[in-house]
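Chains D and U, in that order, give the protein sequences. Heads up: the first sequence begins at 1 in this note's numbering, then just goes up one per residue. Heads up: the second sequence begins at 281 in this note's numbering, then just goes up one per residue. Glycine included, each C-beta is placed from N, C-alpha and C at the ideal position. Here the structure comes first, spelled out in structure tokens, and everything after it is commentary.
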Amino acid sequence: MSRSDVLVDADWVQNHLDDPGVVLVEVDEDTAAYDKGHIRNAIKLDWKKDLQDPVRRDFVDRHGFEQLLSDRGIGNDDTVVLYGGNNNWFAAYAYWYFRLYGHRNVKLLDGGRKKWELESREMVTAVPERARTSYHASEQDSSLRAMRDEVVASIGKRNLVDVRSPDEFTGKLLAPAHLPQEQAQRAGHIPTAKNVPWSKAANDDGTFRGDDELRALYQAEAGLDFGKDTIAYCRIGERSAHTWFVLHELLGQPNVKNYDGSWTEYGSLVGVPIELGEAR
Amino acid sequence: MSAAQQEGPAQQGCGAPAGGAAMPATASGEAVIEGHVTRGGAPVPVGYARLLNDGGEFVAEVPLGDDGGFRFFAAPGTWTVRVLAPGGVNTDETVTADYGHRTAVEVSV
Chain D
1 MSRSDVLVDA DWVQNHLDDP GVVLVEVDED TAAYDKGHIR NAIKLDWKKD LQDPVRRDFV
61 DRHGFEQLLS DRGIGNDDTV VLYGGNNNWF AAYAYWYFRL YGHRNVKLLD GGRKKWELES
121 REMVTAVPER ARTSYHASEQ DSSLRAMRDE VVASIGKRNL VDVRSPDEFT GKLLAPAHLP
181 QEQAQRAGHI PTAKNVPWSK AANDDGTFRG DDELRALYQA EAGLDFGKDT IAYCRIGERS
241 AHTWFVLHEL LGQPNVKNYD GSWTEYGSLV GVPIELGEAR
Chain U
281 MSAAQQEGPA QQGCGAPAGG AAMPATASGE AVIEGHVTRG GAPVPVGYAR LLNDGGEFVA
341 EVPLGDDGGF RFFAAPGTWT VRVLAPGGVN TDETVTADYG HRTAVEVSV
């Protein structure tokens with residue numbers, strides 16, 4: 001797996017917009033963004049309505065994912081190119097999700113919606129029609145997803161990477177600063193976690209930094225032991241999907257899991273250890 | 281404000297709310313940093329505002345609203361608001377914030 005297998009640039013997308021085997025998919029938390037304008041021929045996935053179980057806190061199950069992709073006209077052999085706002089946070093989350101259910105050919109648009117917009121490339125409001133497919137998903141690949149008990153058992157044993165901002169990590173803020181701060185759960189981080197904010201892996205325009213820079217960021221600067229397994233977390237699992245993408249897909253680290261329960265789950269658990277302040 | 285912007289759940293995640301300052305500032309005790317981006321007096325609806333802490337670290341980023349607006353919920357201290365917009369616009373404004381205050385930042389690009 002190399003960078004070109006998992007990442008495409010805006011020129012590539014521009015040149016393959018009309019390819020029959022390519023499906024562009026926009027995934028934003030701000031689901032109104034797509035409706036205001038999107039890359040031509042792109043369809044939309046709503047990370048919450050489409051990808052989350054409506055009752056339990058969990059993903060749609062395998063059957064639900066099959067129904068969703070069949071309805072949207074995505075086939076098993078299609079190349080799915082994901083992009084979105086917020087430096088591809090939710091597109092990276094969807095990428096991880098597609099991998100979880102075994103989609104073979106999925107890529108991210110480097111820089112996502114932001115770079116496309118900042119370059120004043122074409123945006124349209126027309127919604128493409130795609131013929132229904134019969135999509136077959138695999139069972140969830142549990143090697144990519146960490147659950148809470150595994151996280152607690154990993155304290156002091158595996159690399160734990162907290163990818164939230166330094167102010168969330170130390171406990172100064174409970175949520176990203178564009179969200180109201182009142183929350184039920186405790187502030188802080190999981191003991192022994194290193195704080196490597198997701199943003200350090202990206203340039204201002206949302207593109208990923210180069211492999212050498214990224215390796216230096218996690219190993220030399222943060223002191224991650226690449227010989228150990230790694231779990232990444234944030235608040236709800238999308239910024240850590242961005243870091244999972246960097247570690248697992250770009251840098252080829254073999255055992256990297258995303259903990260999608262993340263701080264909204266961990267910080268609400270009774271009895272688990274929490275650290276405040278800088279990493280120790 | 282669009283219907284989508286009024287939906288509560290979209291504000292609960294890590295990502296951007298539905299565009300800039302149109303999102304309601306609910307809690308009066310928040311340390312709010314908000315403002316608008318204009319070009320020649322007209323709103324700049326396509327662009328991004330990002331918030332950096334006093335160490336220059338990224339804290340948050342929002343797309344500008346239709347009125348060029350943005351809003352952050354910060355904490356007491358010094359912050360930098362960086363605006364990115366088409367045409368290579370990249371400007372920084374340094375501001376201070378405190379609980380219960382609204383810090384206004386009007387950016388002309």
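Check	Outcome
Note the first and the last residue of the continuous beta strand (DSSP E) segment covering V256/D.	V256 to N258
I need the straight-line Cα distance from D204/D to Y101/D, nearest angstrom please.	31 Å
Count the other CB atoms, across all protein chains shown, that sit within 10 Å of the CB of D50/D; report buried if there are 16 or more and exposed otherwise.	buried
Label P356/U either buried or exposed according to how many other C-beta atoms from any shown protein chain fall within 10 Å of its C-beta, with 16 as the threshold for buried.	exposed
Count the other CB atoms, across all protein chains shown, that sit within 10 Å of the CB of K107/D; report buried if there are 16 or more and exposed otherwise.	buried
State buried or exposed for R280/D, treating a residue as buried only when at least 16 other CB atoms are found within 10 Å of its CB.	exposed
Could you check the C-alpha separation between Y93/D and H242/D for me, to the nearest Å?	7 Å
Given this structure, state the Cα-to-Cα distance separating D19/D from E117/D, to the nearest angstrom.	22 Å
Just list the beta strand (DSSP E) runs in the stretch 47-120 of chain D, keeping only unbroken ones of 3 residues or longer that don't cross its boundaries, in chain order.	79-83 and 106-109
Between P323/U and chain D, is any beta-carbon pair separated by less than 8 Å?	no
Three-state secondary structure (DSSP) at D162/D?	strand
Going by alpha carbons, who is nearest to L173/D out of V6/D, V27/D and L276/D?	L276/D
Could you tell me whether the Cβ atoms of V60/D and L68/D are closer together than 8 Å?	yes
Determine the closest residue to S138/D out of H63/D, S2/D and S120/D, with distance taken between C-alpha atoms.	H63/D
With a threshold of 8 Å on Cβ separation, who are the neighbours of D378/U within its own chain once the five nearest residues in sequence on each side are excluded?	A311 and P356
Excluding the five sequence neighbours on either side, which residues of its own chain have a C-beta within less than 6 Å of the C-beta of V23/D, listed in chain order?	I74, D78 and V80
At 7 Å on the CB atoms, spell out the chain D contacts of E386/U, in chain order.	Going along chain D, no residue has its Cβ under 7 Å from E386/U, so there is no contact; the nearest lies around 18 Å.
Are the beta-carbon atoms of R186/D and G261/D separated by less than 8 Å?	no
Identify each residue in the stretch 331-346 of chain U for which the Cβ-Cβ distance to at least one residue of chain D is less than 9 Å, and report them in chain order.	L331, N333, G335, E337, F338, V339, A340, E341, V342, P343 and D346
I'd like to check one pair, G206/D with N76/D: are the Cβ atoms closer than 8 Å?	no
Alpha carbon to alpha carbon, how far is V25/D from A312/D? Give it in angstroms, no decimals.	Any question about residue 312/D goes unanswered here, given that chain D covers just 1 to 280.
Using a Cβ-Cβ distance cut-off of 8 Å, determine whether V375/U contacts chain D.	no
For chain D, check one thing: does any of its Cβ atoms lie closer than 8 Å to the Cβ of V326/U?	yes
Reducing DSSP to helix, strand and coil, say where D334/U ends up.	coil
Give the range of the alpha helix (DSSP H) segment to which S240/D is assigned.	R239 to W244
Between the beta-carbon of V361/U and the beta-carbon of V385/U, is there less than 8 Å?	yes
With respect to the alpha helix (DSSP H) encompassing T264/D, which residues constitute its N-terminal and C-terminal limits?	S262 to Y266
Beta carbon of A329/U, beta carbon of V342/U: below 8 Å?	yes
Which residue marks the beginning of the beta strand (DSSP E) containing D18/D, and which one marks its end?	Run containing D18/D: none; DSSP gives neither H nor E here.
Under a three-way DSSP split, which group does V387/U fall into?	strand
Near F90/D, what residues of its chain come up, given a Cβ to Cβ distance below 7 Å and the 5 sequence neighbours on each side ignored?	V27, D28, E29, W47, G84 and E238
Note down, in chain order, all residues in the stretch 244-271 of chain D with a beta-carbon under 8 Å from any beta-carbon belonging to chain U.	none
Which same chain residues end up closer than 8 Å to N105/D when comparing Cβ atoms and leaving out the 5 residues on each side of it in sequence?	D77, D78, T79 and V80
G156/D to R113/D, Cα distance in whole Å?	38 Å
Determine the contact status of A220/D and R209/D, defining contact as a CB-CB distance below 8 Å.	no
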